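Take any residue in the sequence shown, note its place counting from 1, add 401, and you have its number in our numbering.
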Amino acid sequence: MTEQSLAVEIEEQLLRLHGPMISGEALRTALGYPSMEAFRQALSRKTVPIPVFSIDARRGKFALVKDLARWLACQRKSHKGD
């Protein structure tokens, strides 16, 4: 399976579960942070590996499932030999 086809498959699954955006615990878990505090630290240090944004009048941080899917597929490809 190519990186692109894997990204498309992951994106389809995430879209079914979360819609076009993901946030909160689901985002933290998908990115592999062990706790919300670790995720907050990454946000403050600007080391979150995908674009994360705020929405007016909404609490929390959000990301597009498309960005998350691409990043996950890329991680799989780059660590395939581990």
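Beta carbons: idealized from backbone N, C-alpha and C, even for Gly.
Quick caveat: nothing in here was measured; it's all calculated off a predicted structure.
field: Closest residue to L416 among A464, I451, S479 and K478 (Cα-Cα distance)
entry: Translated into positions along the sequence shown, residue 416 becomes position 15. For L416, the closest alpha carbon among the candidates A464, I451, S479 and K478 is that of A464.
query: Comparing alpha-carbon positions, which option in R460, I456, F454 and P450 lies nearest L473?
result: By one-based count along the sequence shown, residue 473 stands at place 72. Among R460, I456, F454 and P450, the Cα nearest to that of L473 belongs to P450.
field: Rounded C-alpha distance that separates I456 from K462
entry: Against the sequence shown, residue 456 aligns to sequence position 55. Against the sequence shown, residue 462 aligns to sequence position 61. Looking at the backbone, the Cα of I456 and that of K462 are separated by about 8 Å.
query: With a Cβ-Cβ cutoff of 7 Å, do A408 and R477 count as a contact?
result: The residue given as residue 408 occupies position 7 in the sequence shown. The residue given as residue 477 occupies position 76 in the sequence shown. Contact flag unset, no.
- request: Pick helix, strand or coil for A464, following the three-state DSSP scheme.
  value: Position 63 of the sequence shown holds residue 464. Three-state DSSP puts A464 in a strand.
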